[in-house]
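From first to last, the protein sequence lines are chains A and B. Start counting the first sequence at 3; every next residue gets the next number (my numbering). Start counting the second sequence at -12; every next residue gets the next number (my numbering). Here the structure comes first, spelled out in structure tokens, and everything after it is commentary.
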Amino acid sequence: SAVISQKPSRDICQRGTSLTIQCQVDSQVTMMFWYRQQPGQSLTLIATANQGSEATYESGFVIDKFPISRPNLTFSTLTVSNMSPEDSSIYLCSVGQGHNQPQHFGDGTRLSIL
Amino acid sequence: AQTVTQSQPEMSVQEAETVTLSCTYDTSESDYYLFWYKQPPSRQMILVIRQEAYKQQNATENRFSVNFQKAAKSFSLKISDSQLGDAAMYFCAYRGPYSGGGADGLTFGKGTHLIIQP
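So this is what it looks like as structure tokens:
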């Protein structure tokens, strides 16, 4: 399966600031996704990052808060904007090679907001 | 919306024994995919096994197998000969048929924490 690198692996940020998380894949992939995992919780899909078009957001997530870019088939970014302590979570990137293929995940970014 | 339910927050098993983790889901679709992922303390999500709904045969991967009951919407994971390295959070996940429009993610259950007793 593809090798997925996420940066940064962790960060501590001040409230009101923004952070951009990068997801780099070592091969071209059709699909890229961003998930959030709040402390002690399961994973929740934030959005599907579509190459060449706007991301598709799930209910409860908006582009102004979580802008996403996907400039090519190997790279995507997720920005967490105007952060508050409630945004403290692990953010995970995942990739897939088609609907009938499983998704594989990066190691995640652990974000803490003070 | 689809929901995935894991009713066992925590399970414990003796090393070398067999354990079964439960998962039920709710969907009106007939074509979908089901997955079990493992998340050790390192937090990396690792695919354990997957099942296509149109396949009647239960998936098997070495010591891991599933019991897929489509009519009952049940998808349990059996781990045989449990090893210390199996200790982790296990998440059941659902993926529906492709609907276009760019959205194609997974719906996860809340997870089961598996403890392996030496």
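Note that CB positions come from ideal geometry on N, CA and C, so glycine has one too. The model shown is predicted, which means the values in this text are computed figures rather than measured ones.
Taking every protein chain shown into account, the CB of A:I14 has fewer than 16 other CB atoms within 10 angstroms, so this residue is exposed.
Note on the segment 63 to 99 of chain B: whole beta strand (DSSP E) runs with a minimum of 3 residues are 75 to 82, in chain order. For the segment 87 to 108 of chain A, the set of residues with a beta-carbon nearer than 7 Å to any beta-carbon of chain B comprises I92, L94, H101, P104, Q105, H106, F107, in chain order. By the Cβ-count criterion, A:V5 is exposed, with fewer than 16 other Cβ atoms from all chains shown falling within 10 Å of its own Cβ. In chain order, R12, D13, I14, C15, S90 place their CB closer than 8 Å to the CB of A:S114, counting only its own chain and leaving out the 5 sequence neighbours on each side. A:D89 carries a helical assignment under DSSP once its states are collapsed to helix, strand and coil.
Here B:V(-9) has C10, Y12, C79, A80, Y81, T94, F95, G96 as same chain residues with Cβ atoms under 7 Å from its own Cβ, once five neighbours each way along the sequence are excluded. Short of 6 Å from the beta carbon of A:I23, and not among the five residues preceding or following it, lie these beta carbons of its own chain, in chain order: L80, Y93, T111. Judged by DSSP in its simplified three-state form, A:P41 adopts coil rather than helix or strand. Looking at A:T76, A:D28, A:S55, A:S61, the one whose alpha-carbon comes closest to that of B:G92 is A:S61.
B:I36 and B:S52 have their C-alpha atoms roughly 8 Å apart.
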